[in-house]
Every structure is written in structure tokens, then in C-alpha cells.
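Okay, so the sequence shown: first residue is 1 according to UniProt numbering, each after it adds one.
Idealized CB from N, CA, C, for every residue including glycine.
Computed from a predicted model, the values in this text were never measured in an experiment.
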Amino acid sequence: MPSFLHVADLHLDSPRSGLSRDASAPVSEIQQAPRRALERLIDEALRRKVSAVVIAGDLYDGDWKDHQTGLFFVRQAQKLADARIPVVMVTGNHDAQSVITQQLPLPPNVKVLSVDAPETFLLDDCGLALHGQGFKNRAVPQNLSANYPARVNSLFNVGLLHTSLTGFEGHEVYAPCSLSDLARTGYEYWALGHIHKRQEFPLASGGIAVFPGNLQGRHIRECGPKGCEIIEYQANGILSRESIVLDVFRWELLSIAVDGLSSRDEILALIEDHLRAFRASADPQPHALRIELIGATTCHGLLIDRQRELRAEVQSLVVQSGSGNWWLEDLSLRTTFPEASIETALASAASQELLALARSELQAAHSSPELHRLMQSLTEDLRKKLPAEISWSEILSPTSSLPAGSKTNQATSTAGVEWSPLLEESLALLSARLEQPQTQISTGRKGRS
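Now the structure itself:
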């Protein structure tokens, strides 16, 4: 049965900036992937002996750096020409007529549809009528499909259009239209381009509109298998449709929940388990993996503080799991402390800050005769709480009274006295006396009166 191949968004020679910053990145493989994927597509078309290859825009990523980009496509198209397989295409926003400033003669089997108005190209020998209009300029705010011609009876009708339809997240709006606009034409198949994730939409007319996605993922936002569509048809409709995976380099995001884990070793073991499970179903081509840790864990602070070391450890696991064929594109930490740990950490931080402030105030009193006299006049209620053997100098330098090996932030004396409540009460009493209007004390410190 006759068939055609539908592909879009090849983005040949799309530049990949920033890869060189990571010495472990497979830079050459990533940069060459769009070309290698096109070679696989040509091989698939030849193997299946398709009746035509349909390209729905963005063959190129932009204006060519040099003629080698155009020459590469010419070489691939010539392979199809030698097999008498026509190529019918429209331009998109990335390879609009005004964007591509360099031109090369194309093989005779390549038909680029008009950018000035919709046109129909007939392939009577294989029973196809192909309708389409390309982009003259990068910005196309109008609905191009509104002027597409009527279907041709007795032939299988295909509409080629680079469009955002009514809009998709992450994609700019180009040649907007609705599914009703597409259904109005009565075409059996709409070969769409521009959206890089494969999607299909049944039409009220009985036809179908398909975005095949881009041929080759180029970064982490283009995850998963990529390829093209093969459609077997007859004059009155589609016989079969098949999505063919053709990418040569795969991007994947692994989200791993670490809730409740309390050690880095536990987290590394969990990552290894996920990598093992992923490998069981992964295709053989090279992979770039982004591992995203999510959830609440008491290890949150440790993960953040030792992120570089953790990344190297995870990279090692990735390399081993992929037998050297996988690369860790990034380790993304989206973890938090458990709610109880957050409250504890905040309380601890507030307590330490209060102690530091109290110590500062008491040290100021010790160095100022006026404040020292004021301190001496504090209520006997507070002084009675202090053991007789503890002096103000011990309060002002509490670490001098701590037993050997004690931590300075424990705020506990050799006598077993809890310093935190005493210091807090001292500070409160001192502040109250300082705020009394009749008390005017000059300490010589700027900003106090």
C-alpha cells in the first residue's frame, strides 16, 4: 500500500551553547545528533519505499553558518531522488524565506511550497494532493489555513502547515488557527509542525491533525523518544499510522522523591535503584539525564552544602548504569527540610541570636561605668537566682566556666545553671530600665541615649 513519511522541526545545525563548560559533556554527539537523525530518517524512507516525504517546517534552525548546512540536506535529498521519492515541504518560523539568506540548487525531487499563497501540489502517481503555504517572514500572525484550497476528490489530501494552533505553553504563536478551521477543508490528514512534543487531534470532519514532534531532542526540555510518522493510505482514508523513533541521542528527566530519607547514603542508594529500573526499559542510544531530587528530608542542608561532591557521586552512578553511554546533564535539588525540622532550626537560630544579643548588651554594661551602676541596681529577684559563687564576669564570659570539652553554644555552667533563661531575663530587665523616660544614660556609643 502507498505511504508517506511526515516529519517536522529537524532544526539542522542548531547551535548548542554552554556544553563546553562541562568537561564530561558529549559535545560532539549532541551537536551532530540532528544530522544523524536525518540520516536515519532517509534510511527509513528508503527501506519502507514510501511514496513521499513531507516536511512541515523548520528544516533548518536559522540562517546557515556556512553552506555546509545546505549541502548536507542536498546530499540526503539526493538519496531520495535516486530512489524516485519526492520531498514536499513548507518553511516555518526558523527557516522562513527571509531568514535563510543563502541558497543552493535543490535536487529535482524537492518541492518547496509557496510562501505567498497556499498552493496544491499533486502526486497523481501515488494518489496524493498536498496543500500548503510556508512562512515568508519569521512572524506570521494571520491564519494561513483560512485560505487553503478545497480538497481534490479521488485523491488523499494532506495539508502542510507550520502552526501553533490556538497556543501551547512554551511555544510562540505562529499562523494561529483552530481545529475547526482545519476540519473545514475536509482533508484526510493535516501534517503539522512547530510543536516539539508529539500530539494528535481527531477532526470533526473525520480527518486527523498530527504534530510528530521534533526529529531529535536538543536539550532537557525536549525529553523522550523523537521521530516521525508513517501513514499508509488510500483515496478514501487512512489505513494505518505509525510513530517511528529515529533520534540518536535521548534526553530524559528522572524525578526521585526522597521524603523521609535521613542520610546521604540512603539517597544515593535510592538514585541507584531508579537508574537500574530506568536502564531496564531504556533504548540503547546515548542519554543525557537530569536527576531531580524532590521532597522533604532532614538531609536537605547537607545536600545543598555538599552539592558539588554529591553531583560527582551521582555522575559516577549514571556512568556505571549506562555503561559509559549516559551523561548527567544536571542534578537538580528541589528538596526542603521536614516541617518539624524547619521549626526546630528556626527556633535554634532565634535562640542563638538572642543569646548573642544578650551577651553584647551585658558586655556593653561591663565596659560602661554608667551602665555598670545601672546593672548593680537591678532587682534582687534576679540576683537571688544566681548561686553565690557565680559572678558577673562569669556571665559575661560564660565559656570560662565551662568544663573541658563543652561546646560554647550549650550555655550551661559548671554549676549546672541554665544560662539561656538568665540571660534572657537580664536582657529584658535591662531593656525595661533603659526605656524609662526618667533614665538618661550616656554610654558614648553612637545611636544610644
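Report the CB separation of residue i from residue j in whole angstroms; it is logged as a contact under 8 Å.
{"i": "leucine 289", "j": "glutamate 329", "result": "6 Å"}
{"i": "methionine 89", "j": "isoleucine 42", "result": "14 Å between Cβ atoms; not a contact."}
{"i": "residue 466", "j": "alanine 96", "result": "No answer is possible for residue 466: the residues shown for the chain start at 1 and end at 449."}
{"i": "serine 3", "j": "isoleucine 238", "result": "Between isoleucine 238 and serine 3 the Cβ distance is about 10 Å, and since that is not below 8 Å, they are no contact."}
{"i": "proline 34", "j": "leucine 12", "result": "5 Å"}
{"i": "serine 180", "j": "valine 173", "result": "Not quite, the Cβ-Cβ distance comes to about 17 Å (not below 8 Å), so this is no contact."}
{"i": "leucine 261", "j": "leucine 254", "result": "Wrong, their Cβ atoms sit about 16 Å apart, outside the cutoff."}
{"i": "leucine 144", "j": "proline 108", "result": "So it is not a contact: roughly 27 Å between Cβ atoms."}
{"i": "glycine 92", "j": "histidine 194", "result": "6 Å"}
{"i": "arginine 264", "j": "leucine 302", "result": "6 Å"}
{"i": "methionine 1", "j": "glutamine 234", "result": "7 Å"}
Output the boundary residues of the beta strand (DSSP E) element that contains residue i.
{"i": "threonine 336", "result": "326–336"}
{"i": "threonine 120", "result": "119–123"}
{"i": "valine 87", "result": "87–90"}
{"i": "arginine 241", "result": "237–245"}
{"i": "alanine 257", "result": "250–257"}
{"i": "leucine 192", "result": "189–193"}
{"i": "serine 3", "result": "3–7"}
{"i": "phenylalanine 201", "result": "199–202"}
{"i": "lysine 65", "result": "Unbroken run through lysine 65: none, as it is neither H nor E."}
{"i": "glutamate 229", "result": "227–234"}
{"i": "valine 99", "result": "Neither: valine 99 is in no beta strand (DSSP E) and is coded neither H nor E."}
{"i": "valine 173", "result": "Here valine 173 belongs to no beta strand (DSSP E), and DSSP marks it neither H nor E."}
{"i": "valine 112", "result": "110–112"}
Report the residue from the options whose alpha carbon sits nearest the alpha carbon of residue i.
{"i": "serine 243", "options": "Leu268, Glu252 and Pro212", "result": "Pro212"}
{"i": "histidine 300", "options": "Pro15, Ala356, Glu266 and Ser316", "result": "Glu266"}
{"i": "leucine 268", "options": "Pro105, Val318 and Asp116", "result": "Val318"}
{"i": "alanine 8", "options": "Leu192, Ser51 and Val152", "result": "Leu192"}
{"i": "lysine 226", "options": "Val245, Ala117, Ile220 and Glu232", "result": "Val245"}
{"i": "isoleucine 256", "options": "Ser240, Leu275, Ile238 and Arg250", "result": "Leu275"}
{"i": "proline 286", "options": "Tyr148, Gln216 and Thr163", "result": "Gln216"}
{"i": "glutamate 339", "options": "Thr297, Leu357, Glu309 and Asp273", "result": "Thr297"}
{"i": "valine 74", "options": "Val110, Leu160 and Ser321", "result": "Val110"}
{"i": "glycine 103", "options": "Asp63, Phe121, Ser51 and Ala183", "result": "What sits at residue 103 in the sequence shown is glutamine, not glycine. The shortest C-alpha separation from glutamine 103 is found at Asp63."}
{"i": "valine 53", "options": "Asp116, Leu130, Glu119 and Thr335", "result": "Leu130"}
{"i": "glutamine 78", "options": "Leu59, Leu106, Val88 and Thr91", "result": "Leu106"}
{"i": "alanine 183", "options": "Pro149, Ala25 and Asp58", "result": "Pro149"}
{"i": "valine 99", "options": "Ala277, Val115, Gly322 and Ser321", "result": "Val115"}
{"i": "asparagine 236", "options": "Leu38, Ser321 and Asn153", "result": "Asn153"}
{"i": "phenylalanine 121", "options": "Thr336, Arg241 and Pro86", "result": "Pro86"}
{"i": "glycine 322", "options": "Glu272, Ile304, Gln307 and Leu331", "result": "Glu272"}
{"i": "proline 15", "options": "Arg218, Arg36 and Ile195", "result": "Arg218"}
{"i": "arginine 334", "options": "Val314, Glu309 and Ile304", "result": "Ile304"}
{"i": "tryptophan 251", "options": "Pro284, Cys228 and Leu357", "result": "Pro284"}
{"i": "leucine 310", "options": "Leu253, Pro141 and Ser332", "result": "Ser332"}
{"i": "leucine 80", "options": "Ala280, Leu5, Cys228 and Trp326", "result": "Leu5"}
{"i": "isoleucine 220", "options": "Ile291, Ala175, Asn143 and Cys177", "result": "Ile291"}
{"i": "aspartate 259", "options": "Pro176, Gln142 and Phe337", "result": "Phe337"}
{"i": "threonine 166", "options": "Thr185, Gln142 and Asn147", "result": "Gln142"}
{"i": "glutamine 315", "options": "Ala25, Leu19 and Gly18", "result": "Ala25"}
{"i": "phenylalanine 201", "options": "Ser178, Ala37 and Leu302", "result": "Ser178"}
By the DSSP assignment, the alpha helix (DSSP H) with residue i in it spans what residues?
{"i": "phenylalanine 278", "result": "264–281"}
{"i": "glycine 301", "result": "300–305"}
{"i": "leucine 46", "result": "27–48"}
{"i": "valine 74", "result": "68–82"}
{"i": "alanine 288", "result": "Not the alpha helix (DSSP H): alanine 288 falls in the beta strand (DSSP E), residues 287–296."}
{"i": "alanine 183", "result": "179–185"}
Pull up the DSSP beta-bridge partners for residue i, would you.
{"i": "isoleucine 220", "result": "Note: isoleucine 220 sits in no beta bridge, so no partner."}
{"i": "histidine 162", "result": "Gly193"}
{"i": "glycine 132", "result": "Glu119 and Leu160"}
{"i": "glycine 206", "result": "Paired residues: none, contrary to the question."}
{"i": "isoleucine 55", "result": "Val7 and Met89"}
{"i": "asparagine 214", "result": "Ala8"}
{"i": "valine 152", "result": "For valine 152, which the question treats as bridged, DSSP gives no partner whatsoever."}
Quiz item: Does the count of Cβ pairs from the region 116–136 and the region 205–213 closer than 8 Å reach three?
Solution: no
Self-check item: Inter-stretch contact (C-beta, 8 Å, three-pair minimum) for the region 23–35 and the region 133–142
Solution: no
Self-check item: At least three beta-carbon pairs within less than 8 Å, the region 41–48 to the region 60–69
Solution: no
Quiz item: Using 8 Å as the Cβ pair cut-off and three pairs as the minimum, do the region 174–194 and the region 154–161 touch?
Solution: yes
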